[in-house]
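Under my numbering, residues 1 to 243 are what the sequence shown spells out, in order.
Note that the Cβ used here is the ideal one computed from N, Cα and C, for glycine as well.
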Amino acid sequence: MGPTQEKLKAAALTDVGNVRTHNEDSYGLSIDDGVFVVCDGMGGAAGGEIASKIAVSAVKEVLCAGAPNDPERLLRAAVASANERVFSRSEQDQSLHGMGTTLVALLVHSGRAWLAHVGDSRCYRFRGGVLERLTEDHSFVDEQVRLGQMTPAEAAVSPFRNIITRAVGTRDAVEPDITGLAIEPGDMYLLCSDGLTKEVPDGRLAEILGGDGNPERLCGQLVDEAKASGGHDNITVIVVGVG
Ligand code: CA
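Spelled out as C-alpha cells, the structure:
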C-alpha cells in the first residue's frame, strides 16, 4: 500500500504463557503500510497454530498489496481471504477439520484508521489518559453482558467465557465488524489476544499504557503482567503509537 504518511511507532510480542505447551496466537505488522493484525487460533492437533498463521499471512498479503482508496472494502477482502484459506485448508486435512481463529486488524492510512475484527481478540485506544475498548467480543458472555443478562464480573468467571460466537475459517463465510476511526497524534492502540485481557483488568492496562511511550517496553510490561496474573493462555500484544 506504500507509506501511510502518519508517523507510527509499533512493537509486538507473543508469549506461550505459563501453562500451555503451544502458542496458537500469531501476529503480523508492517509499520510502513500501517498494517497490524493479531489472530488467536483454535482447533485440535496443530489446527490452532496453523489457522492463526494462515489468517495473519492472508491479511498482511491483501492489506499490504491493496489499493488504499477504499480501506473498508480492502479490510473486508482481507478477512474474506483469511476465511477462505483457513476453511479450505481444514477441508483438505481431516486432522485440521473445524479449526478457526479470531482476528483483529488495524489499518492506518491518511490520517484515519479502520478496524476489523472477528471473535474475542480486542483493540483498545489509549488517548489523553483514557483507555477505551473499540471492539465488542463475539463471545457468549460478552453478548450476555450487552443483553443485560450477565454482569461483567459474572462474565469474567463464567465457565462459558471461552465460547466465541464468530470465528474465521470455521465456515465458508464470515462477517467481520468494521469500524472507521479518526486518529490523533499521541493516540496509542493496543491489539491483543484474550490471554492478556482475561488476566489483566482494563484499569491495569490503562496504568501500564500511561507509564511509558515506548512500544517495545510496553509490550514487555503487558506480557509480564499477564504472566504474573496467571498466564493461563497464550498472550499476544501489538502496541501502535501515533506520532
Ligand atoms: Ca486465547
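In this structure, the C-beta of residue 23 stays at least 7 Å away from each heavy atom of ligand 1.
Around the beta carbon of residue 135, 16 or more other beta carbons sit within 10 angstroms, so the residue counts as buried. In this structure, residue 42 sits away from residue 34, with a CB-CB distance that is not shorter than 8 Å. Not one heavy atom of ligand 1 is found less than 7 Å from the C-beta of residue 15. Following the DSSP letters along the chain, one finds residue 10 in no alpha helix (DSSP H) but inside the beta strand (DSSP E) bounded by residues 8 to 15. Taking 8 Å as the cut-off, the beta carbon of residue 229 is found closer than this to the beta carbon of residue 199.
Across the set 235, 93, 148 and 212, the C-alpha of 212 shows the shortest separation from the C-alpha of residue 126. At least one heavy atom of ligand 1 lies less than 7 Å from the C-beta of residue 193.
Per DSSP, the continuous beta strand (DSSP E) segment holding residue 40 begins and ends at 35 to 42. Residue 132: member of the beta strand (DSSP E) spanning 130 to 133, first to last residue. Residue 212: not part of any beta strand (DSSP E); DSSP gives it neither H nor E. Just so you know, the alpha carbons of residue 90 and residue 98 end up roughly 7 Å apart. By the criterion of at least three beta-carbon pairs nearer than 8 Å, the stretch 102 to 118 is in contact with the stretch 183 to 198.
CA-CA distance, residue 15 to residue 221, rounds to 12 Å. Residue 40 and residue 214 have their C-alpha atoms roughly 25 Å apart. Runs of the alpha helix (DSSP H) lying entirely within the stretch 162 to 205, each at least 4 residues long, are 194 to 197 in chain order.
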